[in-house]
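Take the sequence shown: its position 51, counted from the start at 1, is 801 in this note's numbering, and no numbers get skipped.
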Amino acid sequence: MSGNRLAGGLTSVELNGQRFDKGEGLTYSLIVVYAGPSFIGIGEGKTLVLVIDGLRLEVAGSGSGKNQATLSVGVIEEKAYYHDIDPDLIRMLAYATEVEVEIIGTRKTLNRHFKEKNFTNFREFYELHVKRGAGS
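In structure tokens, the structure reads:
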């Protein structure tokens with residue numbers, strides 16, 4: 751999944767899902783893609799906070815240190831990867847009624863929320879890539 755832009759701010763923030771086949775089984779990742787005027791410095795550890803229908807979950811990742819780029823004058827892109835995501839978390843994101851997203855950076859913390867398009871994208875991802883599992 752790509753291009754799953756979240757609502758709630760002037761800068762672009764996406765939360766995308768990805769499936770990997772490691773040979774011995776499937777694994778899932780969440781990817782935060784931030785674009786704006788300056789880096790926010792997403793560090794290692796529990797830097798992605800999801801509040802799903804009132805349940806707060808802190809997700810650990812590898813940070814964005816190796817995934818920062820200048821796209822053009824005044825516009826940068828920063829990506830942070832959160833690997834080995836439990837399939838139940840993806841199901842929760844897909845079928846929730848409310849999701850708040852907090853991305854914790856060393857320079858700034860961003861707060862966003864899901865809109866209907868985000869739920870639809872996660873439902874499609876879940877139905878096609880998680881629920882069906884290896885048979886898809």
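All residues carry an ideal CB built from backbone N, CA and C; glycine is no exception.
Nonlocal neighbours in the same chain, by C-beta distance under 6 Å from residue i, ignoring five residues either side
i	result
G758	R862 and H863
F872	L843 and A844
The ligand GDP heavy atom lying under 7 Å from the CB of residue i
i	result
E848	As far as ligands go, the structure on display features none, and thus does not contain the ligand GDP.
Rounded straight-line distance, which links the Cα of residue j to that of residue i
i	j	result
T856	L776	32 Å
K867	L765	12 Å
E794	S814	8 Å
V880	L780	13 Å
L798	E850	11 Å
V825	N817	14 Å
K858	I802	22 Å
E874	H833	20 Å
Residues of its chain near residue i, where Cβ-Cβ distance is below 8 Å and the 5 sequence neighbours each way are ignored
i	result
G885	Its pLDDT being 47, under 50, G885 is placed unreliably by the model, and the measurement read from it follows with that caveat. Correct list: empty, nothing qualifies.
For residue i, three-class secondary structure by DSSP
i	result
T856	coil
H879	helix
L843	helix
K865	coil
E874	helix
Beta-bridge pairing of residue i - partner residues as DSSP gives them
i	result
A819	E827
F789	Note: F789 sits in no beta bridge, so no partner.
S779	Q768
H833	DSSP, once it has assigned bridges, lists no residue as partnering H833.
S762	A785
E850	V801 and H863
Cut-off 7 Å between Cβ atoms - residues of its own chain near residue i, not counting five sequence neighbours on either side
i	result
K796	E808, V809 and A810
D836	none
CB-CB length for residue i against residue j, believed under 8 Å
i	j	result
I790	E828	6 Å
G753	I840	17 Å between Cβ atoms; not a contact.
Any chain C beta carbon closer than 8 Å to residue i
i	result
T847	The chain labelled as chain C is not found in the depicted structure, where only one protein chain is given.
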